[in-house]
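Residue numbers (the numbering used here): 18 to 148.
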């Protein structure tokens with residue numbers, strides 16, 4: 018439970034700093050935050066109840082890269098690139114996490130919300146979902 022409180026309180030503090038910062042400092046805060054959370058969530062291996070389901074999907078999608086076996090063509094492309102570059106499932110998890118965290122910060126900004134107050138509300142759910 019402590020990790021959830023840390024996420025909530027730290028993002029509220031970061032949100033306050035973000036509100037009282039100029040645009041250049043906000044960009045630095047965003048960059049550091051995105052990298053930090055991507056590393057924490059994206060470098061996990063064999064964590065979560067759905068890990069083996071994603072591993073099975075990875076193996077299915079990379080078995081024959083030229084077969085149309087999914088509607089998610091960019092996800093298949095990511096899996097195939099990851100497979101042929103030798104990075105395996107780790108690159109898939111890391112890349113999708115990066116996209117997910119980046120959208121979690123940029124999305125609220127598009128509608129003029131403080132992204133860190135938003136993250137304080139949903140961040141704990143992300144950890145439950147990603148672990």
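Here a beta-carbon is modelled for each residue, glycine too, at the ideal position from N, C-alpha and C. Treat the numbers as computed from the prediction; the structure is a model and nothing was measured.
Query                                                                                                           : Result
Check whether residue 47 and residue 122 have beta carbons under 8 Å apart                                      : yes
Runs of alpha helix (DSSP H) lying entirely within the segment 62-137, each at least 4 residues, in chain order : 68-80, 90-102, 106-127
CB of residue 32 within 8 Å of CB of residue 131, strictly                                                      : yes
CB of residue 110 within 8 Å of CB of residue 77, strictly                                                      : no
Where residue 36 falls: helix, strand or coil (DSSP)                                                            : helix
Touch test, the segment 20-28 against the segment 133-142, Cβ-Cβ under 8 Å, three pairs minimum                 : yes
Buried/exposed call for residue 114, threshold 16 Cβ in 10 Å                                                    : buried
Collapsed DSSP secondary structure at residue 60 in the structure displayed                                     : coil
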